[in-house]
Amino acid sequence: MSKTIYSRFDKKAITDLPVVTFPGKIITIITAGEAEKAVDCLLNSDIIGVDTETKPSFHKGEQNKVALLQVSNRDMCFLFRLNLTGITPAIKRLLEDRSVKKIGLSWHDDIRGLEARSKFKPGLFIDLQDIVGEIGIKDLSLQKIFANIFHQKISKRQRLTNWETPVLTDKQKMYAAIDAWSCIQIYEEILRLKKTGEYDLVVVPEPEQPRAINVDKKEKQ
Numbered sequence: 012m013s014k015t016i017y018s019r020f021d022k023k024a025i026t027d028l029p030v031v032t033f034p035g036k037i038i039t040i041i042t043a044g045e046a047e048k049a050v051d052c053l054l055n056s057d058i059i060g061v062d063t064e065t066k067p068s069f070h071k072g073e074q075n076k077v078a079l080l081q082v083s084n085r086d087m088c089f090l091f092r093l094n095l096t097g098i099t100p101a102i103k104r105l106l107e108d109r110s111v112k113k114i115g116l117s118w119h120d121d122i123r124g125l126e127a128r129s130k131f132k133p134g135l136f137i138d139l140q141d142i143v144g145e146i147g148i149k150d151l152s153l154q155k156i157f158a159n160i161f162h163q164k165i166s167k168r169q170r171l172t173n174w175e176t177p178v179l180t181d182k183q184k185m186y187a188a189i190d191a192w193s194c195i196q197i198y199e200e201i202l203r204l205k206k207t208g209e210y211d212l213v214v215v216p217e218p219e220q221p222r223a224i225n226v227d228k229k230e231k232q
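My numbering puts the first residue of the sequence shown at 12, with every later residue one more than the last.
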């Protein structure tokens, strides 16, 4: 059955979509030893999704470091609390790995944030923003892309919460896991649609830009 996708998805239409939930297990990592085991597990996967979270800054000049690195395979998501562990040798090994595809969105920004904690040589990363255009999608936000392809909503309510809180809430954990896991879902669906051609693209016109009005000096007077 052919799927209908849009070059630009109507943000207002997202509101009424069913909210997606992460179907797997979520494990929080707070020690270097736990990180070692988690990385071994992740690098045995054929593909993983990645994302980061940072405590929001509400004061001018204030800039916080990346607090959370969430990495998911199809069934399990590990939440690496970098504000507690820093970039451990195992986490650096994960970030530099070139054997497993790591799918993210706007990942170049995440890399800069992670490198502010510790320098590393980025491994095999694929940015969804670089490939969504191959099926005609022009939107670049995770929420819009996911809604367009799967007709489900990724809730963003937890985005500006405190990611350095002593204990993450269940809602924060779910939000973080979905952001990483959904990258895998989008990537694999894009590959499937490209291979099968089972989609119809609806081209939505570019939003009109307001015209600049040139006022003649004589008229202005």
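For every residue, glycine included, the Cβ atom is placed at its ideal position computed from N, Cα and C.
CA-to-CA distance, N94 to F20, given in whole angstroms | Along the sequence shown, one-based indexing puts residue 20 at 9. Along the sequence shown, one-based indexing puts residue 94 at 83. Between F20 and N94, the C-alpha separation is close to 36 Å.
Look at the alpha carbon of K14 and the alpha carbon of E209, and state the distance between them as a whole number of angstroms.
-> By one-based count along the sequence shown, residue 14 stands at place 3. By one-based count along the sequence shown, residue 209 stands at place 198. Whole-angstrom Cα-Cα distance: 6 Å.
Identify whether Q81 lies in helix, strand or coil by the three-state DSSP scheme.
-> Looking up residue 81 in the sequence shown gives position 70. Here Q81 sits in strand by DSSP.
Check whether the stretch 161–174 touches the stretch 49–57, taking contact to mean three or more Cβ pairs, one atom from each stretch, closer than 8 Å.
-> no
Determine, using beta carbons only, whether V50 and A101 come nearer to each other than 7 Å.
-> Position 39 of the sequence shown, counted from the start, is the residue given in the question as residue 50. Position 90 of the sequence shown, counted from the start, is the residue given in the question as residue 101. The answer is yes: Cβ separation under 7 Å.
Three-state secondary structure (DSSP) of S18 = If you number the sequence shown from 1, residue 18 lands on position 7. In this structure, S18 counts as coil in the three-state DSSP scheme.
With contact counted as at least three CB pairs below 8 Å, one residue from each stretch, are the stretch 134–150 and the stretch 109–116 in contact?
-> yes
I156 and D150: beta carbons closer than 7 Å?
-> Position 145 of the sequence shown, counted from the first residue, corresponds to residue 156. Position 139 of the sequence shown, counted from the first residue, corresponds to residue 150. Contact: yes.
Return the residue from the list I201, A188 and A158 that minimises the CA-CA distance to A24.
-> For the purposes of this step, residue 24 is taken as the residue at position 13 of the sequence shown. Taking only the C-alpha atoms, the option nearest A24 is A158.
Grouping DSSP H, G and I as helix and E and B as strand, with all else coil, what is G115?
-> Looking up residue 115 in the sequence shown gives position 104. Correct three-state label for G115: strand.
Along the beta strand (DSSP E) that carries E251, what are the first and last residues, could you check?
-> As shown, the chain starts at 12 and ends at 232. That puts residue 251 outside it, with no answer to give.
Relative to the alpha-carbon of I41, which residue among T63, E64 and T99 has its alpha-carbon at the smallest distance?
-> One-based indexing of the sequence shown puts residue 41 at position 30. Checked all of T63, E64 and T99; the closest Cα to I41 is T99.
Just mark D190 as buried or exposed, buried being the case when its beta carbon has 16 or more other beta carbons within 10 Å.
-> Counting from 1 along the sequence shown, the entry for residue 190 is found at position 179. Buried.
When DSSP labels each residue in this structure, what does D138 get in the three-state scheme?
-> On the sequence shown, position 127 is the one that residue 138 refers to. If DSSP states are grouped into helix, strand and coil, D138 belongs with the strands.
Just confirm the distance between the C-beta atoms of G134 and L106, as a whole number of angstroms; I'd bet it's less than 8 Å.
-> The count along the sequence shown starts at 1 and reaches residue 134 at position 123. The count along the sequence shown starts at 1 and reaches residue 106 at position 95. Going by Cβ atoms, the distance from G134 to L106 rounds to 6 Å, so yes, they are a contact pair.
Beta-carbon proximity list for N75, same chain, < 7 Å, skipping 5 on both sides = Residue 75 sits at position 64 when you count from the first residue of the sequence shown. Result list for N75: T65, K66 and S68, in chain order.
For the stretch 151–175, list the alpha helix (DSSP H) runs that are entirely contained and at least 4 residues long, ordered along the chain.
-> 153–161
Just to confirm, are L212 and G147 a CB contact at a threshold of 7 Å?
-> Along the sequence shown, one-based indexing puts residue 212 at 201. Along the sequence shown, one-based indexing puts residue 147 at 136. Their beta carbons are under 7 Å apart, which means L212 touches G147 by this criterion.
T39 bridges to which residues according to DSSP?
-> Counted from its first residue, the sequence shown places residue 39 at position 28. Answer is L90.
Flag this pair as yes or no: are the beta carbons of Q169 and Q154 separated by less than 7 Å?
-> Here residue 169 refers to the residue found at position 158 of the sequence shown. Here residue 154 refers to the residue found at position 143 of the sequence shown. For Q169 and Q154, no; Cβs fall outside 7 Å.
Out of R203, E47 and P29, point me to the one whose CA is closest to F91's CA.
-> If you number the sequence shown from 1, residue 91 lands on position 80. The shortest Cα separation from F91 among R203, E47 and P29 belongs to E47.
Answer yes or no: do I37 and C88 have a C-beta to C-beta separation smaller than 7 Å?
-> As a first step, residue 37 is located in the sequence shown; it is residue number 26 there, counting from the start. As a first step, residue 88 is located in the sequence shown; it is residue number 77 there, counting from the start. Yes.
Measure the C-alpha to C-alpha separation of K132 and N84 and round it to an integer number of angstroms.
-> The count along the sequence shown starts at 1 and reaches residue 132 at position 121. The count along the sequence shown starts at 1 and reaches residue 84 at position 73. Cα to Cα, K132 sits roughly 22 Å from N84.
Cβ atoms of W174 and A78: under 7 Å apart, would you say?
-> As a first step, residue 78 is located in the sequence shown; it is residue number 67 there, counting from the start. As a first step, residue 174 is located in the sequence shown; it is residue number 163 there, counting from the start. Yes. Within cutoff.
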